[in-house]
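Undergrad: After the structure tokens below, expect a handful of questions from me.
Residue numbers (this note's numbering), protein chains in the order written: chain C, 20 to 238; chain H, 20 to 238.
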């Protein structure tokens, strides 16, 4: 089991029994989603914005237009952090204090660099697209050189990380368990609804297998 | 229509046609969820962590234990920002460049203060619980004085904010519309699954109306 080394930066302070440093488990949480909250400092204030990401090994890829304030600011800083969370259940206890949620969250810390060559950019965008929807890249129109030029691609190398997972039931005070109060979980889940074809779609084109597979895995 | 005044801090830089400053629309996005990504600076680095929140008018309530590093750091700074996002669809275009997602996101900026009196703390926690699940607070065991003591409650006053909404279809280049490539949306939605009673639940206790109503609204 490969683990991120615990340091002052990534050590989980609260709820240490929920802390996870295992690289494979952290990657599984990252691969279960594709939206991360990227943090940066703008004029002395911390801000975070949601961005789509792709992962390949210890690399995270982000992209945007060449003028994106946040990505340019991350490149200036040379480092970034990103947080990903999946909400799995409401945990409804008998007392207010023990209400909670089940979730899987990861916070990554690492260095960032700009991807410079069109070839490397294209490889990063392929990784990004495969992460969002496996099999789509090969079905779409190829990137044009000027589109690659207009795109800013940032590569983060994950240097350290930690995850927190809560996946258990209600944890009330023993003396509260006999109260006439319902307690339990309400599981929450993100699902996909059936694909909706573009209004301008050519009539001869059917929903492709990669989209049907995505829908079947997420419905 | 009441709007947040545009300033250097909250003005949306990219995709201005998607920008929203309307207070009521921003509140609707905040009320559609209860997990926000709170940003703070720790040893010169920007970090964001997910937290549950409640909203009442222009106030946002967060709570944790008295020793929570992030909340103490926000109180030190006297200000915070929080971002909330709902993911609504994958937007699958004919070219890589026009792939996108439909979403509603809000970023809030404001001042923070600690709630000091037990009475005000309890009112904030009531707001918090009502925001997560309407009607639950009145059904659970009342807070004890020592539980209120152990709880750190932070009140943010929203001073400025902006939202971004993308809720349209595929936006391909006109010359790509005749390509033999499927394009369209895959809607995404967070749903609730049927409630699961705690294993230790007294046998005479049924799932209460507030939980059934929540499930019916989110299934």
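Glycine included, C-beta positions come from ideal geometry on N, C-alpha and C.
1) Going by beta-carbon coordinates alone, are residue 54 (chain C) and residue 104 (chain H) separated by less than 8 Å?
2) For residue 15 (chain H), which residues does DSSP report across the bridge?
3) Within 8 Å of any Cβ in chain C, is that where the Cβ of residue 233 (chain H) sits?
4) Does residue 128 (chain H) pass the burial test, meaning 16 or more other C-beta atoms within 10 Å, or should it be called exposed?
5) Just list the alpha helix (DSSP H) runs in the stretch 95-134 of chain C, keeping only unbroken ones of 4 residues or longer that don't cross its boundaries, in chain order.
6) What residue range does the alpha helix (DSSP H) around residue 207 (chain H) cover?
7) As a quick exercise: from H:158, H:155, H:228, H:151, pick the residue whose alpha carbon is nearest that of residue 71 (chain H).
8) Taking buried to mean at least 16 other C-beta atoms within 10 Å of its own C-beta, is residue 115 (chain H) buried or exposed?
9) What first and last residue would you give for the alpha helix (DSSP H) that runs through residue 164 (chain H)?
10) Just mark residue 187 (chain H) as buried or exposed, buried being the case when its beta carbon has 16 or more other beta carbons within 10 Å.
11) Can the beta-carbon of residue 85 (chain C) be found less than 8 Å from the beta-carbon of residue 169 (chain C)?
12) Which residues, taken in chain order from the stretch 148-162 of chain H, show a beta carbon closer than 9 Å to some beta carbon of chain C?
13) Report yes if the CB atom of residue 154 (chain C) is closer than 8 Å to the CB atom of residue 61 (chain C), and no otherwise.
14) Buried or exposed: where does residue 148 (chain H) fall if 16 or more other Cβ atoms within 10 Å of its Cβ makes it buried?
15) Hey, is residue 211 (chain H)'s beta-carbon within less than 8 Å of any beta-carbon in chain C?
16) Tell me the DSSP bridge mates of residue 84 (chain H)?
17) Beta-carbon of residue 137 (chain C) versus every beta-carbon of chain H: anything under 8 Å?
18) Please report whether the beta-carbon of residue 80 (chain H) lies at a distance below 8 Å from any beta-carbon of chain C.
19) How would you write the range of the alpha helix (DSSP H) that residue 140 (chain H) sits in, first residue to last?
20) Would you identify the three-state DSSP class for residue 155 (chain C), choosing helix, strand or coil?
21) Using a Cβ-Cβ cut-off of 6 Å (strictly less than) and excluding sequence neighbours within five positions of residue 206 (chain H), which residues of its own chain qualify?
22) On the DSSP bridge assignment, give the partners of residue 181 (chain H) in chain order.
23) Chain C beta carbons: is any one of them nearer than 8 Å to that of residue 129 (chain H)?
24) Using a Cβ-Cβ cutoff of less than 7 Å, which residues in the same chain neighbour residue 178 (chain H) once the five nearest sequence positions on both sides are dropped?
25) Could you give the DSSP three-state label for residue 37 (chain C): helix, strand or coil?
26) Against residue 126 (chain H), what residues of chain C qualify as contacts under a CB-to-CB distance less than 9 Å, listed in chain order?
27) Using a Cβ-Cβ cut-off of less than 7 Å, list which residues of the stretch 188-215 of chain H approach chain C; keep chain order.
28) Just reading off the alpha helix (DSSP H) that residue 236 (chain C) is part of, what are its end residues?
29) Name the chain C residues whose beta carbon is nearer than 7 Å to that of residue 58 (chain H)?
30) Check whether the Cβ atoms of residue 65 (chain C) and residue 59 (chain H) sit closer than 8 Å, and answer yes or no.
31) Rounded to whole angstroms, what is the Cα-Cα separation between residue 189 (chain C) and residue 211 (chain H)?
32) For a test of the three-state rule: what should DSSP assign to residue 92 (chain C), helix, strand or coil?
33) Excluding the five sequence neighbours on either side, which residues of its own chain have a C-beta within less than 6 Å of the C-beta of residue 113 (chain C), listed in chain order?
34) Out of H:101, H:145, H:87, point me to the one whose CA is closest to residue 45 (chain H)'s CA.
35) Residue 42 (chain H) lies in the alpha helix (DSSP H); which residues open and close that run?
36) State the CB to CB distance for the pair residue 87 (chain H) and residue 123 (chain C), rounded to an integer number of angstroms; the pair is presumed to be in contact (CB under 8 Å).
TA: Inspection of the coordinates gives the following:
1) yes
2) Past the boundaries of the shown model lies residue 15 (chain H); chain H is included only from 20 to 238, so the question cannot be answered.
3) yes
4) buried
5) none
6) First-last for residue 207 (chain H): 203-211, but that is the beta strand (DSSP E), not the alpha helix (DSSP H).
7) H:151
8) buried
9) 164-169
10) exposed
11) yes
12) 148, 151, 152, 155, 156, 158, 159, 160, 161, 162
13) no
14) buried
15) yes
16) H:170
17) no
18) no
19) 137-151
20) coil
21) 108
22) H:126
23) no
24) 128, 129, 130
25) helix
26) 66, 67, 68
27) 188, 189, 195, 196, 197, 198, 199, 200, 201, 202, 203, 204, 205, 206, 207, 208, 209, 210, 211, 212, 214, 215
28) 228-237
29) 58, 65, 66, 67
30) yes
31) 17 Å
32) helix
33) 191, 195, 198, 200, 202
34) H:101
35) 42-50
36) Their Cβ separation, rounded to whole angstroms, is 20 Å, which puts residue 87 (chain H) and residue 123 (chain C) out of contact at 8 Å.
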